[in-house]
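Residue numbers (the UniProt record's numbering): 1 to 190.
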């Protein structure tokens, strides 16, 4: 399994780990870029506290008993408990500093949550996130300034969103043909 650059682990040549839902929460390193898979296939990115960037109406309507977060009172850069961040989803990690050859040759690797870019140290990532908690990160925009832009900015100093890039490329490429290269044209005849 891969434990990427900013948590001090080595990068084995054959696999990048995204699902970390079975990790002991106490062992998650400071500054780790985590995300959660949400309904409709998109992912949400963010000591039991998570600093993340949310749009209006994200999160519970009632104030959380643990951290006090409520979508009625908070959006933008917020600090919440891990449970509010996860909102019932599985904890995953975004992988940085992944060798290009591993990206090219690995089957099943998530292109939306893996990058060759190097991340800052965990303490630097947290420092940047706390600065943005005070200063803000601009207006939330799904395509140009979302939670992944925030997390990648805190991690690398450059805001980017692989989900938006991947979706745009997929839409530009048009429909894909099934195996054999012939499109489906209706029901099969016998």
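For every residue, glycine included, the Cβ atom is placed at its ideal position computed from N, Cα and C. All of these numbers come straight from a predicted model, not from anything done at the bench.
Item: Residue 159 and residue 152 closer than 7 Å at C-beta; Value: yes
Item: Neighbourhood of residue 20 by C-beta, 8 Å cutoff - its chain only, sequence neighbours within 5 removed; Value: 28, 34, 91, 92 and 93
Item: Contact under 7 Å by Cβ, residue 122 with residue 30; Value: yes
Item: As assigned by DSSP and simplified to three states, the class of residue 20; Value: coil
Item: Range of the contiguous beta strand (DSSP E) that encloses residue 52; Value: 49-54
Item: 7 Å Cβ cutoff met for residue 50 and residue 80; Value: yes
Item: Sub-7 Å separation of residue 128 and residue 154 beta-carbons; Value: yes
Item: Nearest-angstrom Cα separation, counted from residue 64 out to residue 97; Value: 35 Å
Item: Classification of residue 125 by the beta-carbon crowding that lies within 10 angstroms, buried from 16 upward; Value: buried
Item: Start and end residues, beta strand (DSSP E) containing residue 92; Value: 91-93
Item: Residue 55 beta carbon less than 7 Å from that of residue 140; Value: yes
Item: Candidates 82, 156 and 89: closest to residue 120 by CA position; Value: 156
Item: Residue from 134, 67 and 101 with nearest C-alpha to residue 85; Value: 67
Item: Reduced DSSP category for residue 88 - H, G, I as helix; E, B as strand; rest coil; Value: coil
Item: Buried/exposed call for residue 172, threshold 16 Cβ in 10 Å; Value: exposed
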